[in-house]
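Working notes for the structure below.
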């Protein structure tokens, strides 16, 4: 498959298994996620796609009883190595969540939160905030009211603010965990346009319930079912000529 | 059938209304009784002068100051300790036998009679640590008394901080402690303040613990240091109403003292509510 990846591999997963207590939730996942492109994870609820996404920035570490085996290399670094600092990893691998979750602070402080904690100089903050909000396609809508509460924004604006907040930390990879599932179609299409823009600079992995969304914005698609990675390939190939019967059944709407 | 349900609803609602009305009535009666009997003695002089003529005349200055010292002293210990304990229990402690034991201990502490705290304070702070009957010993004793309330209120406040805030912060490469300090605690402070509100009233009103740890029957002066004995409003009230040389003569002073105590608690509550609203507004919730 690697000859299809013109940009090289950013995330390399080999033989990843995950257990919640005794529940074996992910089985032997191996995948190469290419750089500067959009990779979509699709599959029915409970198939493990979000769980797998959370392995990539070690958010599963927070869940008691969660055990992971296997290798995950991100830009050639084994992120489950004992020497890896999770905090540094999460700076490099940002995440945008299902429900927009701005902090109960001003718009400005939301974006400045990460850089401030990571020690950006005071006089740099303004520039970083503007850059991040511009990259998050939100600047024009909020530039006049940066000091107002982020919770007064609409859902779609909040989600773009969360993306800007992630960008402000200057990650290399951005993980999107169903970022549009609580948004209306117009907000969704804005986020989709934004993701297409962002892939020029970042490696993007997106979990989505919405197959049309995967087809619209992703370059590669991985189909998960019951904790197995069933099929992974170029998005056109997955949607037009799936190799596995399960993939075809899901895509044609026979289950899920 | 339907008719019955309607009648039942009417009966239930009138019972609820009656219960509520009764509670309000009692509060109003108590307030009226204390205010109408006490307001005539309240004056700046009453608040700022020493008791005179074997406490049958003069003011309540030393008792007022003593109670304020106790509030400040006990809060200075209990608030940080309670909040830190709650943060530890909620954010760091792994669920297990030890944590369970600590939680049980806190629940039991909350239900312990205050006189037992007084005895403990007497044994621990007054005698063993050698503070003597003093502001310090009484403040520490009261701090222990309100600690469980503050811990519980702080824990409740921490639980209500949405998990999404923590995840968002951690996902930005922020450490757990920084997340707690910058996101979780600010969001939890309004709730924690509510816990403090409840306990200030108790500190101002408790009599048994301070009786055993440093409250004086009568002192013609203010406490000079943390190691001095002191007068306090609730005990002063008790003394005037029971052991005073002339209960009839001190009656207005008794009501005046009760009224001042009430105003202090109310005032602190209002202050705390103002803080809470300020934070809420800041959070825009």
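Protein chains in written order, with the working numbering: chain A, 1204 to 1459; chain B, 177 to 461. Glycine included, C-beta positions come from ideal geometry on N, C-alpha and C.
Residue 366 of chain B sits in a helix when the DSSP states are folded into three classes. Three or more Cβ pairs drawn from the region 371-385 of chain B and the region 313-332 of chain B lie within less than 8 Å of each other, which places the two stretches in contact. The C-alpha of residue 1286 of chain A lies about 28 Å from the C-alpha of residue 1226 of chain A. Under the three-state reduction of DSSP, residue 1351 of chain A is assigned to coil, being neither helix nor strand. DSSP links residue 1379 of chain A through a beta bridge to A:1299 and A:1409.
Its Cα nearest to that of residue 1386 of chain A, the residue A:1358 stands out among A:1220, A:1247, A:1358 and A:1412. In this structure, residue 204 of chain B sits away from residue 266 of chain B, with a CB-CB distance that is not shorter than 8 Å. The beta carbon of residue 193 of chain B sits no closer than 8 Å to any beta carbon of chain A.
DSSP places residue 1223 of chain A in the uninterrupted beta strand (DSSP E) bounded by 1212-1223.
Three or more pairs of CB atoms, one per stretch, sit closer than 8 Å, so the region 1396-1408 of chain A contacts the region 1365-1376 of chain A.
Residue-level contact by beta carbon holds for residue 1290 of chain A and chain B, with a gap shorter than 8 Å. Within the DSSP secondary-structure output, residue 1241 of chain A pairs in a beta bridge with A:1407. Residue 382 of chain B carries a coil assignment under DSSP once its states are collapsed to helix, strand and coil. Cβ neighbours of residue 1251 of chain A within its own chain (closer than 6 Å, five residues either side excluded): 1228, 1229, 1427 and 1430. Spanning the alpha carbons of residue 229 of chain B and residue 391 of chain B requires a straight line of approximately 20 Å. A Cβ-Cβ distance of about 16 Å is found for the pair residue 1372 of chain A and residue 1259 of chain A, leaving them out of contact under the 8 Å criterion.
Among the residues facing chain B, residue 1275 of chain A is not included, as its CB has no counterpart in that chain under 8 Å away. Nearest to residue 337 of chain B by C-alpha distance, out of B:347, B:359 and B:353, is B:359. Straight-line measurement puts the Cα of residue 375 of chain B at about 60 Å from the Cα of residue 1422 of chain A. For residue 358 of chain B, the closest Cβ of chain A is nearer than 8 Å. Note on residue 1353 of chain A: 16 or more other CB atoms within 10 angstroms of its CB, so buried under the neighbour-count rule. Closest in C-alpha terms to residue 206 of chain B, from the list B:434, B:277 and B:373, comes B:434. Among the residues facing chain A, residue 341 of chain B is included, as its CB has a counterpart in that chain under 8 Å away. If you check the CB distance, residue 442 of chain B and residue 239 of chain B do not come in under 8 Å. Collapsing the DSSP output to three states places residue 336 of chain B in coil. Taking a contact as a CB-CB distance under 8 Å, the pair residue 323 of chain B and residue 254 of chain B counts as one, their CB atoms being some 5 Å apart. Counting every other CB atom within 10 Å of its CB across the protein chains shown gives residue 270 of chain B a total below 16, marking it as exposed. Shortest Cα-Cα distance from residue 1216 of chain A to any of A:1382, A:1283 and A:1239 involves A:1283. Residue 1349 of chain A and residue 342 of chain B have their alpha carbons spaced roughly 23 Å apart.
Around the beta-carbon of residue 1434 of chain A, 16 or more other beta-carbon atoms lie within 10 Å, marking it buried. The Cβ neighbour count for residue 310 of chain B, taken over all protein chains shown within 10 Å, is at least 16; the residue is labelled buried. Under a criterion of Cβ atoms nearer than 8 Å, the residues of chain A adjacent to residue 351 of chain B are, in order, 1290.
Distance between residue 330 of chain B and residue 372 of chain B, taken at the CA atoms: about 9 Å.
Taking 8 Å as the threshold, the shortest C-beta distance from residue 265 of chain B to chain A does not fall below it. A Cβ-Cβ contact shorter than 8 Å links residue 327 of chain B with residue 261 of chain B.
Along the region 415-443 of chain B, the beta strand (DSSP E) does not occur as any fully enclosed run of 3 or more residues.
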